[in-house]
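To keep things clear, I will list the structure first and then write my remarks on it.
Residue numbers (my numbering): -5 to 194.
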């Protein structure tokens, strides 16, 4: 039993040494994956996708900074009171992540992210309009002037694992900025799973 445990630990150590990068190393990582997003007070999630690339710089053997640009399909769904609503949001997300490599290719990640809206639409019972049209309709119906923000901020936290240059990355994005400037906030929380390939 002790020999088996020792052999397993040696294998983990060998993988860690093989995956370890030196301080000062740059890498580029194309990546893509799945997004599950939800909106505050909306009762259903929305499945989407993301793709882009990440540039990583090793400050030390165990710590790095990574800057990404990711096209992200997010939003939310709701069917309260028998009315089906969908908010479709396409964003260019730019996260800056701090990565702490705890052992081998296993890293804990935390950062900040700005998202710039590229496209947005709202669907209610099959009727679709862009968000500018919806905000104008909302003003005519309620008399409350509001707008849909172009840029929002979030805090991503997660974990990643690298094996033979393939990187599996799991993140959860906590929405900080509300999409609209009303008393009731509308924030997007996002779970993101990507698979990338690190080019050294």
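From the three backbone atoms N, C-alpha and C, an ideal C-beta is built for every residue, glycine too.
Please classify residue i as buried or exposed, where buried requires at least 16 neighbouring CB atoms within 10 angstroms.
| i | result |
| --- | --- |
| residue -2 | Bear in mind that a pLDDT of 44 at residue -2, under 50, signals an unreliable position, so the model cannot answer this. |
| residue 7 | Here residue 7 scores only 41 on pLDDT, less than 50, and its place in the model is too uncertain to base an answer on. |
| residue 3 | Residue placement at residue 3 cannot be trusted, given a pLDDT of 39 that sits under 50; the coordinates are not used to answer. |
| residue 16 | exposed |
| residue 144 | exposed |
| residue 75 | exposed |
| residue 20 | exposed |
| residue 58 | buried |
| residue 12 | Unreliable positioning characterises residue 12 in this predicted model, as indicated by a pLDDT of 40, which lies under 50. The coordinate reading is nonetheless provided below. When all chains shown are included, residue 12 counts as exposed. |
| residue 184 | buried |
| residue 135 | exposed |
| residue 126 | exposed |
Please work out which residues of its chain come closer than 6 Å, Cβ to Cβ, to residue i, disregarding the five sequence neighbours upstream and downstream, and give them in chain order.
| i | result |
| --- | --- |
| residue 5 | The predicted position of residue 5 is uncertain, since its pLDDT is 42 and thus under 50; a value taken from the coordinates is nonetheless stated next. Hits under 6 Å: none found. |
| residue 163 | 154, 188 |
| residue 172 | 179, 180, 181 |
At what residues does the beta strand (DSSP E) containing residue i begin and finish?
| i | result |
| --- | --- |
| residue 167 | 160 to 169 |
| residue 78 | Run containing residue 78: none; DSSP gives neither H nor E here. |
| residue 63 | 57 to 72 |
| residue 142 | Looking at the DSSP string, residue 142 is not in any beta strand (DSSP E), and its letter there is neither H nor E. |
| residue 184 | 182 to 191 |
Per DSSP, which residues does residue i bridge with? Please list them.
| i | result |
| --- | --- |
| residue 150 | 167 |
| residue 89 | 107 |
| residue 195 | What the structure shows of the chain is the stretch from -5 to 194, and residue 195 is not part of that stretch, so it cannot be assessed. |
| residue 117 | 80, 122 |
| residue 42 | 29 |
| residue 130 | Beta-bridge pairing links residue 130 to no other residue. |
| residue 101 | 95, 154 |
| residue 54 | 57 |
How about residue i and residue j: do their beta carbons lie closer than 8 Å?
| i | j | result |
| --- | --- | --- |
| residue 109 | residue 87 | yes |
| residue 170 | residue 147 | yes |
| residue 151 | residue 113 | no |
| residue 34 | residue 60 | no |
| residue 83 | residue 117 | no |
| residue 40 | residue 70 | yes |
| residue 22 | residue 64 | no |
With a CB to CB cut of under 8 Å and the five nearest residues on each side skipped, what residues in its chain are close to residue i?
| i | result |
| --- | --- |
| residue 26 | 43, 44, 45, 46, 188, 189, 190 |
| residue 122 | 115, 116 |
| residue 198 | In the structure as shown, the chain starts at -5 and stops at 194, and residue 198 therefore has no counterpart that could be examined. |
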